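Residue numbers (this note's numbering): 20 to 119.
C-beta: ideal position from N, C-alpha, C; glycine also.
Bear in mind the structure is a predicted one, so any value in this text is a computation, not a measurement.
Notes for the one structure printed next.
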């Protein structure tokens, strides 16, 4: 199976963007250290201060599922409702350009 790309879009509640950004930034080092992580990059929208995007590549779906079960991700998940009110979009993508 080809690598799995994830694009997670999170929209902070009003007044919570800085806290969401800090929580997301704290995920970067431990996530990058996980076996199966190809890259894990945090982006902040230039058009909307409340929008944050995490661009991730994993070697497999199993590696992503392991990531979701880690203590650092579980701790972050517990903050999501307070920071976003559930405004989170998750896209799972398969790279096809590698076949070109």
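TODO: Taking only runs that begin and end inside the region 33 to 95, name each unbroken alpha helix (DSSP H) of 4 or more residues, in chain order.
DONE: 36 to 51 and 80 to 88
Task: Burial state of residue 74 (16 or more Cβ within 10 Å) - done: exposed
Open item on the list: With a threshold of 6 Å on Cβ separation, who are the neighbours of residue 98 within its own chain once the five nearest residues in sequence on each side are excluded?
Closed with: 42
TODO: Going by CA-CA distance only, name the one from 21, 70, 81 and 45 that's closest to residue 95.
DONE: 45
TODO: Buried or exposed for residue 23, please, with buried defined as at least 16 other CB atoms from any protein chain shown within 10 angstroms of its CB.
DONE: buried
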